[in-house]
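Encoded as structure tokens, the structure appears first; notes follow it.
In structure tokens, the structure reads:
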């Protein structure tokens, strides 16, 4: 069996999302009263879980509701239109655990797109006479890393009010210091395609391609009251020349990571996108080892 067959035709790949945040909370921390997440040195954080949730929400809507325009456009952009039944979401409200456990391994893999792509720890066993453990997809083909801002971020906290009362006996409402936002930050979130996990999860090239088509819309079609101005400026993606990998992931990521134009101000929060130097290509010694660098933001429908 060839390497191409053992990885379902999926190549190793490296990606980096460059995310700008303006007066928004990209990812609240429940342990800190929903303050924007921060590292110990004050840099902002966006968890991998929060970003994958946004991709899932673009694929499957609430129970008994039609899917949204992003799914509609993405699914029709393939040579043959995709069927909704093959792109269900396992990590979804209203799922029936008993029904899922009755699925065979093949049915489970064919049904849940997010399990094929991101992996899952949802099932420890499903009805399978040969091997019940086979259904337990531990590791996905795609792994997102922690998104971390290049510089520290400044958090602003304000009290919000409600003209109509929300408590009995009061004619107005107030949420002290509930509006918590990052004034400005540029975050970098790496992600990786690991072909080795493809056979175990049943992931196919079209599953990866669907994810790549969704990424540019992850924030613009999941905006909220507290997350109004979060935008992916660049979504860099490069395939290696083999399933084994043809270049260091770290070398690729380092080469396309923005830096502050004024190094002396690197320890201070930034105020605008223009304060950064943004690489838009790979050095020749790296580019020669991989396929052409793509910006998924330039590939929107």
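Residue numbers (our numbering): 116 to 416. No residue lacks a Cβ here, since even glycine has one placed at the ideal position from N, Cα and C. Nothing here was measured: the structure is a model prediction, and the numbers come from that model.
Buried versus exposed call for residue i [16 or more other C-beta atoms within 10 Å across all chains shown]
| i | result |
| --- | --- |
| residue 217 | exposed |
| residue 384 | buried |
| residue 304 | buried |
| residue 374 | exposed |
| residue 297 | buried |
| residue 407 | exposed |
| residue 358 | buried |
| residue 180 | exposed |
| residue 213 | exposed |
| residue 309 | buried |
| residue 365 | exposed |
| residue 78 | Not covered by the structure: residue 78. The range shown for the chain is 116 to 416. |
| residue 387 | exposed |
| residue 135 | buried |
| residue 123 | buried |
| residue 211 | exposed |
| residue 403 | exposed |
| residue 167 | buried |
Whole-Å CB distance - residue i paired with residue j, under 8 Å assumed
| i | j | result |
| --- | --- | --- |
| residue 322 | residue 228 | 6 Å |
| residue 132 | residue 354 | Not a contact, Cβ separation roughly 16 Å. |
| residue 151 | residue 157 | Not quite, the Cβ-Cβ distance comes to about 11 Å (not below 8 Å), so this is no contact. |
| residue 230 | residue 205 | 5 Å |
| residue 316 | residue 234 | 6 Å |
| residue 333 | residue 197 | With a Cβ gap of about 19 Å, residue 333 and residue 197 do not count as contacting. |
| residue 391 | residue 376 | 7 Å |
| residue 141 | residue 161 | 5 Å |
Delimiting residues of the beta strand (DSSP E) encompassing residue i
| i | result |
| --- | --- |
| residue 129 | 128–139 |
| residue 164 | That residue, residue 164, is in no beta strand (DSSP E); its alpha helix (DSSP H) goes 163–174. |
| residue 320 | Here residue 320 belongs to no beta strand (DSSP E); instead the alpha helix (DSSP H) covers 320–329. |
Paired residues, beta bridge with residue i - DSSP
| i | result |
| --- | --- |
| residue 405 | 355 |
| residue 410 | 351 |
| residue 258 | 307 |
| residue 201 | According to DSSP, residue 201 bridges with nothing at all. |
| residue 225 | Partner(s): none; residue 225 has no beta bridge. |
| residue 263 | 160 and 303 |
| residue 392 | 374 |
| residue 153 | 159 |
| residue 294 | 273 |
| residue 383 | Paired residue(s): none; residue 383 is not in a bridge. |
| residue 346 | 135 |
| residue 361 | Paired residues: none, contrary to the question. |
| residue 339 | 342 |
| residue 124 | In the DSSP output, where bridge partners are listed per residue, residue 124 has none listed. |
| residue 143 | 151 |
Segment limits, alpha helix (DSSP H) that includes residue i
| i | result |
| --- | --- |
| residue 185 | 184–191 |
| residue 367 | 364–371 |
| residue 316 | 313–316 |
| residue 212 | 212–216 |
Below-8 Å beta-carbon distance, residue i vs any chain B residue
| i | result |
| --- | --- |
| residue 344 | Of the chains in the structure shown, none is chain B; there is only one protein chain. |
Touch check for the region 399–412 and the region 323–332: three-plus C-beta pairs under 8 Å?
With a cut-off of 8 Å, the region 323–332 and the region 399–412 count as touching, because enough Cβ pairs lie within range.
Taking one C-beta from the region 251–261 and one from the region 291–300 each time, how about it: are there three or more such pairs within less than 8 Å?
With the cut-off at 8 Å, the region 251–261 and the region 291–300 do not touch.
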